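Colleague:
Protein chains in written order, with my numbering: chain A, 38 to 183; chain B, 37 to 445.
1) I'd like to know whether the C-beta atoms of residue 184 of chain B and residue 360 of chain B end up nearer to each other than 8 Å.
2) May I ask you to list, following chain order, the residues of the segment 334–349 of chain B that have a beta carbon less than 7 Å from some beta carbon of chain A?
3) Taking the alpha helix (DSSP H) that residue 45 of chain B belongs to, which residues open and close that run?
4) Select from B:122, B:83, B:104, B:75 the residue whose C-alpha is nearest the C-alpha of residue 276 of chain B.
5) Chain E partners of residue 98 of chain A, CB-CB under 8 Å?
6) Since I believe residue 373 of chain B is in contact with residue 414 of chain B (beta carbons under 8 Å), could you give me their beta-carbon distance rounded to a whole number of angstroms?
7) Quick check on residue 242 of chain B: does DSSP put it in helix, strand or coil?
8) How far does the beta strand (DSSP E) with residue 368 of chain B in it extend, from its first residue to its last?
9) Quick one: what's residue 385 of chain B bridged to in DSSP?
10) Just reading off the alpha helix (DSSP H) that residue 305 of chain B is part of, what are its end residues?
11) Taking Cβ-Cβ distances shorter than 8 Å, what residues in chain A pair up with residue 382 of chain B?
12) What span of residues does the beta strand (DSSP E) with residue 129 of chain B cover, start to end?
13) If you draw a straight line from the C-alpha of residue 108 of chain B to the C-alpha of residue 264 of chain B, how long is it?
14) Using C-beta distances below 7 Å, list every residue in its chain close to residue 172 of chain A, excluding the 5 sequence neighbours before and after it, in chain order.
15) Under 8 Å between C-beta atoms, does residue 59 of chain A make it to chain B?
16) In its own chain, which residues sit with a C-beta less than 6 Å from the C-beta of residue 120 of chain A, not counting the 5 before and 5 after it?
17) Measuring only the C-alpha atoms, how far is residue 97 of chain B from residue 225 of chain B?
18) Enumerate, from N- to C-terminal direction, the unbroken alpha helix (DSSP H) stretches of 4 or more residues contained entirely within the segment 81–144 of chain B.
19) Shorter than 8 Å from the beta carbon of residue 77 of chain A to some beta carbon of chain B?
20) Name the DSSP beta bridge partners of residue 393 of chain B, please?
21) Looking only at its chain, what residues have a beta carbon closer than 6 Å to the beta carbon of residue 113 of chain B, apart from the 5 residues adjacent to it on each side?
22) Output needed in chain order: residues of the segment 159–170 of chain A with a Cβ under 9 Å from some Cβ in chain B.
23) If I measure Cβ to Cβ from residue 89 of chain A and keep anything under 8 Å in the same chain, skipping five residues before and after, which residues do I get?
24) Please list the terminal residues of the continuous alpha helix (DSSP H) segment that includes residue 65 of chain B.
25) If you draw a straight line from the C-alpha of residue 435 of chain B to the C-alpha of residue 384 of chain B, how long is it?
26) Take residue 156 of chain A as the anchor and find which of A:95, A:98, A:108 has the nearest alpha-carbon.
27) Quick check on the DSSP output: the beta strand (DSSP E) that includes residue 321 of chain B runs from which residue to which?
28) Can you list, in chain order, the residues of its chain whose CB lies under 7 Å from that of residue 338 of chain B, leaving out five sequence neighbours each side?
29) Does the beta carbon of residue 396 of chain B sit closer than 8 Å to a beta carbon anywhere in chain A?
30) Using a Cβ-Cβ distance cut-off of 8 Å, determine whether residue 43 of chain A contacts chain B.
31) Rounding to the nearest angstrom, what Cα-Cα distance links residue 206 of chain B and residue 159 of chain A in this structure?
32) What is the rounded straight-line gap between the Cα of residue 250 of chain B and the Cα of residue 318 of chain B?
33) Should residue 440 of chain B be flagged as near chain A, meaning a C-beta pair shorter than 8 Å?
34) Output the residue ranges of the alpha helix (DSSP H) runs that lie fully inside the segment 215–261 of chain B and measure 4 residues or longer, sorted by chain position.
35) Return the first residue and the last residue of the alpha helix (DSSP H) that residue 55 of chain A is part of.
36) Tell me whether the segment 74–87 of chain B and the segment 223–243 of chain B touch, counting them as touching only if at least three CB pairs, one residue from each stretch, are closer than 8 Å.
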């Protein structure tokens, strides 16, 4: 049993976010609401954001999916909460680079997110990790337009 | 005879994945290909390649003979009456779409009903949804029994005199259930409806006799039965096909072309617009020869044995639930399951690290997932090249997945 490689994927901090997700639920005072799913595997996320004066004041997610997708959603909400929209988008692009195995900007402290780095070694699971970030990007962009 | 020797015909199976010998348990998604089929593709391109139905030259004739020879093999394989009833298409999805767009548009009117079931693959749902929306028709679903089977009572309750089309999967790609399509066809006909059978999971695994089933249409894909991707078959009763309009127009399918009007070729060619999938059809013919040599009855028996063995061994794993009929005799070689609250993707990743390929997700059957009240499941599907030792590897892998996630949780 090759668990060494698996440990690269299922880091303890990831499983912690999966077991006890942060910001799970639905905001009542949201002004951005996004549903997104991964049609190939059935993962889905319902993301609510409260964006005011260019700041993500609050964020919550609900959904169904594997440990990677749900842990990533939990970490994403934690990371963007309180950040301005530009920083949130910047984090998303850093995350995307990380998933693609590229060198990424380490000037911003990524906190727990760094634990997801191992996902890049598992191509079949990258979409699981990026779902929540894609939802956030879409939500924030729509808010910009409105 | 099904024995270990069969595995040696499949070169792809002889490799290591993540440091372990590959155990391929995803044949319901697509089967692997034996050397006979790979060789047929290669030989067609090396010696016979040419366009069909037009060349005066020798290669043109040879390609046409091979292509039409494959059609005769398919006819014999499903015991159709005539090669006119065998249309080569891209796969099951294209075949069902052809029926919906041609027969459906011509025969389904506002208020008419189309009856399908909760266990359909998306390929046997969406074409009917689209048709129903377009025609103002009603799409009805036959309820499933608790064990994931279909009862004729429920079919009788759903099919009425307003029903124009009944379409049902022969073998469920998720539950493995084998449905009583012959009896359902009788009910459809009593009510003046036609019967369409999605045979994608049936054709690879059991002897098909379309005349005995008395279905009006039967669709299946080559790639799930040891053939290449990109080739599939629509069987249709001649009388129905004769009255149907093509849905693709252009070269190959025409008889006479005028400036403002044209006429179509005879059956089955009027439905095969454009240069057909010649090599694919030829290789499908080789796949049929291969399956016939082993015997479809042998293959079916082997799969029941595999399902029974897998269900027996897997039910020994605490926290593992298996969906669908409990009686292995009622199912083909498909075992869909979940392991405790470990998400199926996570199960599949651990198995993959052990060289074992299974499917995880909704299996292109979202309404069925809803009926099962799960968002996703894992699926092991078996074919003629799998053996009990593959099941043992799966069970071992599942045990280690369970252990692993118990540890990290």
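C-beta atoms are modelled at their ideal positions from N, C-alpha and C, and glycine is treated no differently.
These numbers come from a predicted model, not from an experiment.
Modeller: From the atom records:
1) To locate residue 184 of chain B, count along the second chain from 1; it is residue 148. To locate residue 360 of chain B, count along the second chain from 1; it is residue 324. Yes. Within cutoff.
2) Contacts with chain A (Cβ-Cβ distance below 7 Å) from the segment 334–349 of chain B involve no residue at all.
3) The residue given as residue 45 of chain B occupies position 9 in the second chain. It is not in any alpha helix (DSSP H) - residue 45 of chain B carries neither H nor E in the DSSP assignment.
4) Counted from its first residue, the second chain places residue 276 of chain B at position 240. Of the listed residues, the one whose Cα sits closest to residue 276 of chain B is B:122.
5) The structure shown has no chain E; the protein chains it does contain are A and B.
6) Mapped onto the second chain, residue 414 of chain B falls at position 378. Mapped onto the second chain, residue 373 of chain B falls at position 337. Their Cβ separation, rounded to whole angstroms, is 6 Å, which keeps residue 414 of chain B and residue 373 of chain B in contact under 8 Å.
7) Walking along the second chain from the start, residue 242 of chain B turns up at place 206. If DSSP states are grouped into helix, strand and coil, residue 242 of chain B belongs with coil.
8) As a first step, residue 368 of chain B must be located in the second chain, where it is residue number 332. Note, residue 368 of chain B: premise wrong, no beta strand (DSSP E); not H, not E.
9) Locating residue 385 of chain B in the second chain gives position 349, where the first residue counts as 1. DSSP, once it has assigned bridges, lists no residue as partnering residue 385 of chain B.
10) As a first step, residue 305 of chain B is located in the second chain; it is residue number 269 there, counting from the start. Element bounds for residue 305 of chain B: n/a, residue is neither H nor E.
11) Taking the second chain and counting its residues from 1, the one referred to as residue 382 of chain B is at position 346. By Cβ distance, chain A contributes 47, 103, 104, 105.
12) If you number the second chain from 1, residue 129 of chain B lands on position 93. Boundaries around residue 129 of chain B are those of the alpha helix (DSSP H), 128–134, since no beta strand (DSSP E) includes it.
13) Indexing the second chain from 1 puts residue 108 of chain B at position 72. Indexing the second chain from 1 puts residue 264 of chain B at position 228. Going by C-alpha positions, residue 108 of chain B is about 18 Å away from residue 264 of chain B.
14) Translated into the one-based positions of the first chain, residue 172 of chain A becomes position 135. Excluding positions up to five away in sequence, the list reads 71, 73, 82, 84.
15) Mapped onto the first chain, residue 59 of chain A falls at position 22. No, its Cβ sits nowhere closer than 8 Å to a Cβ of chain B.
16) For the purposes of this step, residue 120 of chain A is identified with residue 83 of the first chain, where counting begins at 1. Annotation for residue 120 of chain A: 93 place their beta carbon closer than 6 Å to its own, counting only its chain and skipping 5 residues before and after.
17) Numbered from 1 along the second chain, position 61 holds the residue referred to as residue 97 of chain B. Numbered from 1 along the second chain, position 189 holds the residue referred to as residue 225 of chain B. Near 42 Å, if we compare the C-alpha coordinates of residue 225 of chain B and residue 97 of chain B.
18) 94–114, 128–134
19) Walking along the first chain from the start, residue 77 of chain A turns up at place 40. Using a CB distance cut-off of 8 Å, residue 77 of chain A counts as an interface residue toward chain B.
20) Translated into the one-based positions of the second chain, residue 393 of chain B becomes position 357. Residue 393 of chain B pairs with B:60.
21) The residue given as residue 113 of chain B occupies position 77 in the second chain. Correct list, in chain order: 324.
22) 159, 161, 162, 165
23) Start at 1 with the first residue of the first chain, and residue 89 of chain A comes out as number 52. So the list reads 68, once near-sequence residues are dropped.
24) As a position in the second chain, residue 65 of chain B is number 29, starting the count at 1. Note, residue 65 of chain B: premise wrong, no alpha helix (DSSP H); not H, not E.
25) The residue labelled residue 435 of chain B in the question sits at position 399 within the second chain. The residue labelled residue 384 of chain B in the question sits at position 348 within the second chain. Looking at the two C-alpha atoms, the distance is approximately 13 Å.
26) The sequence position of residue 156 of chain A within the first chain is 119, counting from 1. Comparing C-alpha distances from residue 156 of chain A to each of A:95, A:98, A:108 shows the shortest one belongs to A:108.
27) For the purposes of this step, residue 321 of chain B is identified with residue 285 of the second chain, where counting begins at 1. First-last for residue 321 of chain B: 314–330, but that is the alpha helix (DSSP H), not the beta strand (DSSP E).
28) Along the second chain, one-based indexing puts residue 338 of chain B at 302. The answer, listed in chain order, is 38, 420.
29) In the second chain, the residue the question calls residue 396 of chain B occupies position 360. By this cut-off, residue 396 of chain B is an interface position.
30) Sequence index remark: in the first chain, residue 43 of chain A carries index 6 (1-based). Yes, residue 43 of chain A lies at the interface with chain B (some Cβ there is under 8 Å from its Cβ).
31) Looking up residue 206 of chain B in the second chain gives position 170. Looking up residue 159 of chain A in the first chain gives position 122. Their Cα atoms are separated by approximately 36 Å.
32) Taking the second chain and counting its residues from 1, one reaches residue 250 of chain B at position 214. Taking the second chain and counting its residues from 1, one reaches residue 318 of chain B at position 282. Between the alpha carbons of residue 250 of chain B and residue 318 of chain B lies a gap of roughly 27 Å.
33) Locating residue 440 of chain B in the second chain gives position 404, where the first residue counts as 1. Yes, residue 440 of chain B counts as interfacial toward chain A.
34) 217–226, 246–249
35) Position 18 of the first chain holds residue 55 of chain A. Residue 55 of chain A -> alpha helix (DSSP H) spans 49–56.
36) no
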